[in-house]
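Accompanying notes for the structure given below.
2 protein chains.
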Amino acid sequence: MLIGIPALLGPELLAVLRAMGHGDEIAIVDGNYPAEQDANRLVRADGLDLIPVLDAILTVLPVDDFVPEALFRSSVKGDPQLIDQVHREMEVVCAKRAPGRKLVAMQGADFYARARSAHAMVATSEPRLYANIIIRKGVIYPQGTGKE
Amino acid sequence: MLIGIPALLGPELLAVLRAMGHGDEIAIVDGNYPAEQDANRLVRADGLDLIPVLDAILTVLPVDDFVPEALFRSSVKGDPQLIDQVHREMEVVCAKRAPGRKLVAMQGADFYARARSAHAMVATSEPRLYANIIIRKGVIYPQGTGKE
Numbered sequence: 002m003l004i005g006i007p008a009l010l011g012p013e014l015l016a017v018l019r020a021m022g023h024g025d026e027i028a029i030v031d032g033n034y035p036a037e038q039d040a041n042r043l044v045r046a047d048g049l050d051l052i053p054v055l056d057a058i059l060t061v062l063p064v065d066d067f068v069p070e071a072l073f074r075s076s077v078k079g080d081p082q083l084i085d086q087v088h089r090e091m092e093v094v095c096a097k098r099a100p101g102r103k104l105v106a107m108q109g110a111d112f113y114a115r116a117r118s119a120h121a122m123v124a125t126s127e128p129r130l131y132a133n134i135i136i137r138k139g140v141i142y143p144q145g146t147g148k149e
Numbered sequence: 002m003l004i005g006i007p008a009l010l011g012p013e014l015l016a017v018l019r020a021m022g023h024g025d026e027i028a029i030v031d032g033n034y035p036a037e038q039d040a041n042r043l044v045r046a047d048g049l050d051l052i053p054v055l056d057a058i059l060t061v062l063p064v065d066d067f068v069p070e071a072l073f074r075s076s077v078k079g080d081p082q083l084i085d086q087v088h089r090e091m092e093v094v095c096a097k098r099a100p101g102r103k104l105v106a107m108q109g110a111d112f113y114a115r116a117r118s119a120h121a122m123v124a125t126s127e128p129r130l131y132a133n134i135i136i137r138k139g140v141i142y143p144q145g146t147g148k149e
């Protein structure tokens with residue numbers, strides 16, 4: 002374990018997050034998602050629910066602020082008008098860790114295509130359905146720019 | 002995920018447990034243990050505490066009843082006379098999943114030598130110290146023997 006880094010971020014996940022660059026995306030998916038099939042780089046988080054994994058990742062991963070949208074979630078039955086409890090919990094975590102950044106609900110097929118093209122994917126054991134989110138990595142601004 | 006198998010048992014851990022035979026041992030260790038250094042076969046369980054991992058493993062892994070002792074734990078400061086809360090919680094899980102089998106407190110150096118020689122090791126993020134346990138795998142008796 003390391004000082005100041007959540008223990009949930011194991012060596013493999015931490016290395017993947019550190020290796021990602023600006024604009025790279027990571028999908029965090031639920032326990033039923035075909036992650037082994039879809040992932041370009043798969044990190045398993047068996048036994049963990051989605052919300053604590055999302056929260057831990059956002060403690061170290063900057064969210065892209067070069068683009069209007071950088072946080073995306075899947076939708077109940079593919080319909081962006083529908084929202085489940087797990088999506089509300091995602092919104093709470095995103096509001097805390099990436100204030101002001103909107104969590105965009107995507108149509109089913111669009112979300113899955115984007116998840117498949119993500120740099121990496123984290124397979125949780127989240128039992129709730131449609132509990133998937135994509136984060137687009139931003140930049141760490143240099144010190145003295147007022148944005149760090 | 003699979004029917005009747007705890008989601009916490011991911012594909013790698015499940016495969017390791019299934020591959021183990023009678024008398025093979027598996028150590029489940031806390032977040033500070035040098036598992037990468039010591040393990041013959043390492044399975045990571047980052048973000049998980051020890052007790053739920055122990056409980057999930059014992060839902061599918063039979064404990065050896067050919068020998069008088071098959072469950073071993075490390076001790077506070079290496080002293081088997083000392084017991085911490087996490088050891089009491091181990092005892093509760095062992096009593097539930099392997100009734101009648103004693104959890105043996107081992108002297109520090111003896112425990113670590115045994116853990117190093119175990120077939121496999123699971124590295125949890127358990128924050129409490131001296132929170133390590135070794136399970137010796139038993140047999141699945143054939144149907145009709147009255148022991149299955």
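Residue numbers (the working numbering), protein chains in the order written: chain A, 2 to 149; chain B, 2 to 149.
Glycine residues also receive a C-beta, built at the ideal position from the N, C-alpha and C atoms.
Quiz prompt | Cross-chain neighbours of Ala75(A) in chain B, by beta carbon under 8 Å | solution = Residue identity check: residue 75(A) is Ser in the sequence provided, not Ala. Neighbours of Ser75(A) on chain B: none; closest Cβ ~17 Å, over 8 Å.
Practice problem: Flag Ala99(A) as yes if its beta-carbon sits less than 9 Å from any beta-carbon of chain D, otherwise no. | Solution: The structure shown contains no chain D; the protein chains it does contain are A and B.
Exercise. Report the three-state DSSP secondary structure of Ile58(B) (helix, strand or coil).
Key: helix
Quiz item: Taking the continuous beta strand (DSSP E) assigned at Val30(B), which residues delimit it?
Solution: Glu26 to Val30
Self-check item: Chain-ordered neighbours of Leu49(B) on chain A, where CB pairs are closer than 8 Å
Solution: Gly48 and Leu49
Quiz item: Would you call Asp47(A) buried or exposed, if buried means 16 or more other Cβ atoms sit within 10 Å of its Cβ?
Solution: buried
Exercise. Determine, using beta carbons only, whether Gly11(A) comes closer than 9 Å to chain B.
Key: yes
Quiz item: Going straight from the alpha carbon of Met2(A) to that of Leu130(B), what length do you get?
Solution: 13 Å
Exercise. Using a Cβ cut-off of 8 Å, pull out every chain A residue sitting near Ala8(B), in sequence order please.
Key: Under the 8 Å cutoff, chain A gives Gly32, Asp47, Gly48, Ser126 and Pro128.
Self-check item: Cβ of Pro53(B) within 9 Å of any chain A Cβ
Solution: yes
Exercise. Please specify which runs of the alpha helix (DSSP H), each continuous and at least 4 residues long, are wholly inside the stretch 47–91 of chain B, giving them in chain order.
Key: Within the stretch 47–91 of chain B, the complete alpha helix (DSSP H) runs of at least 4 residues are 51–61.
Quiz item: CB-CB under 8 Å to Tyr142(B), same chain, minus the five flanking residues each way: which ones, in chain order?
Solution: The beta carbon of Tyr142(B) sits closer than 8 Å to those of Lys148 and Glu149, all from its chain and outside the five residues before and after it, given in chain order.
Quiz item: When DSSP builds the beta bridges, which residues end up paired with Arg45(B)?
Solution: Residue pairing by DSSP puts Arg45(B) in a beta bridge opposite Ala124(B).
Quiz item: Hey, does Met107(A) have any beta-carbon neighbour from chain B nearer than 9 Å?
Solution: Residue-level contact check: Met107(A) does not touch chain B, since none of the beta carbons of chain B fall below 9 Å from its beta carbon.
Quiz item: Which residues share a DSSP beta bridge with Ala106(A)?
Solution: Partner(s): Arg74(A).
Quiz item: So, Arg45(A) versus Val123(A), is the Cβ gap smaller than 9 Å?
Solution: yes
Quiz item: For the putative contact between Glu26(B) and Ile136(B), defined by C-beta atoms under 8 Å, what is the C-beta separation to the nearest angstrom?
Solution: 7 Å
Quiz prompt | Segment limits, alpha helix (DSSP H) that includes Arg19(A) | solution = Pro12 to Ala20 is the extent of the alpha helix (DSSP H) around Arg19(A).
Quiz item: What does Arg98(B) pair with, by DSSP beta-bridge criteria?
Solution: For Arg98(B), DSSP records no beta bridge to any residue.
Practice problem: Using alpha carbons as the reference points, say which of Val105(A), Arg115(A), Gln144(A) and Glu90(A) lies closest to Leu51(A). | Solution: Glu90(A)
Practice problem: Determine the extent of the alpha helix (DSSP H) in which Gln38(A) is found, giving its start and end residues. | Solution: Boundaries of the alpha helix (DSSP H) harbouring Gln38(A): Ala36 to Asp39, taken from the DSSP string.
Exercise. Evaluate contact between the stretch 95–102 of chain A and the stretch 28–37 of chain A, counting only Cβ atoms and requiring at least three cross-stretch pairs below 8 Å.
Key: no
Quiz prompt | Status (buried if at least 16 other CB within 10 Å, exposed otherwise) for Leu49(A) | solution = buried
Quiz item: Beta-carbon of Ala20(A) versus every beta-carbon of chain B: anything under 9 Å?
Solution: It does not: the Cβ of Ala20(A) has no partner Cβ on chain B nearer than 9 Å.
Self-check item: Straight-line gap, Asp80(A) to Arg98(A) (C-alpha atoms, nearest Å)
Solution: 26 Å
Quiz item: Does the beta carbon of Ala16(A) sit closer than 9 Å to a beta carbon anywhere in chain B?
Solution: no
Exercise. Could you check what DSSP says for Glu137(A) in three-state terms: helix, strand or coil?
Key: Rather than Glu, the amino acid found at residue 137(A) in this sequence is Arg. Strand.
Quiz item: Taking the alpha-carbon positions, what's the Val68(A) to Gln38(B) distance?
Solution: 43 Å
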